[in-house]
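Student:
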Amino acid sequence: MPYDKPIPDPSPHTKPFWDGAKEGKLMLPRCTNCNRVHWYPRLICPFCHARELEWIEGSGEGRIHTFAVQHRAMGAWANETPFVTAYIDLNEGDRMATVLRGVDPNKPETIKIGAKVKVEFEPANEDVHIPFWRVVE
Ligand SMILES: [Zn+2]
Numbered sequence: 003m004p005y006d007k008p009i010p011d012p013s014p015h016t017k018p019f020w021d022g023a024k025e026g027k028l029m030l031p032r033c034t035n036c037n038r039v040h041w042y043p044r045l046i047c048p049f050c051h052a053r054e055l056e057w058i059e060g061s062g063e064g065r066i067h068t069f070a071v072q073h074r075a076m077g078a079w080a081n082e083t084p085f086v087t088a089y090i091d092l093n094e095g096d097r098m099a100t101v102l103r104g105v106d107p108n109k110p111e112t113i114k115i116g117a118k119v120k121v122e123f124e125p126a127n128e129d130v131h132i133p134f135w136r137v138v139e
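Counting in my numbering, the sequence shown runs from 3 upward without gaps.
1. Is the distance from the Cβ of W135 to the Cβ of A88 below 9 Å?
2. Per DSSP, K118 forms a beta bridge with which residues?
3. Return the chain-ordered list of same chain residues with a C-beta closer than 8 Å to the C-beta of R38, the five sequence neighbours on each side being excluded.
4. Decide if the segment 7-27 is in contact with the segment 101-111; the criterion is three or more beta carbon pairs, one per stretch, under 8 Å apart.
5. Between E59 and K27, how many whole angstroms is the CB-CB distance? I'm expecting something under 8 Å.
6. Which residue wins for smallest C-alpha separation from A52, given the options H40, E63, G62 and S61?
7. Out of M29, E63 and K17, point me to the one whose CA is closest to E139's CA.
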């Protein structure tokens, strides 16, 4: 089935992320001045404002920071309601917004803040593989 949801448009600035995603790697921007990882990718470190940034391969692991059950959505996402969105505390630092997999949106009481999650990538097209996070405990 063709991917029918909005597809991000990779730019030269975010190309390392999308290249990694195609190989199943979670690439993350890190500042070489303060050594902190940030998400989303920026041209300037949001913590110390340095411009010396690099890409590192993340562990692809994190924990649920918070979540919400979505009962209404726009476009093709409407076909998937209810679904769960979450913020993930990345093991390397900072947070990533995601659609959470491996959970039952009809039983939100079973979703635990702090639960361990792993990233997985879903091909949207030949060049863009989109990260989702799955509960693994
Ligand atoms: Zn910095």
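Every residue, glycine too, gets a C-beta built ideally from N, C-alpha and C.
Tutor: If we stick to the structure as given:
1. yes
2. R65
3. R32, C47, F49, C50, G95 and D96
4. no
5. 5 Å
6. H40
7. E63
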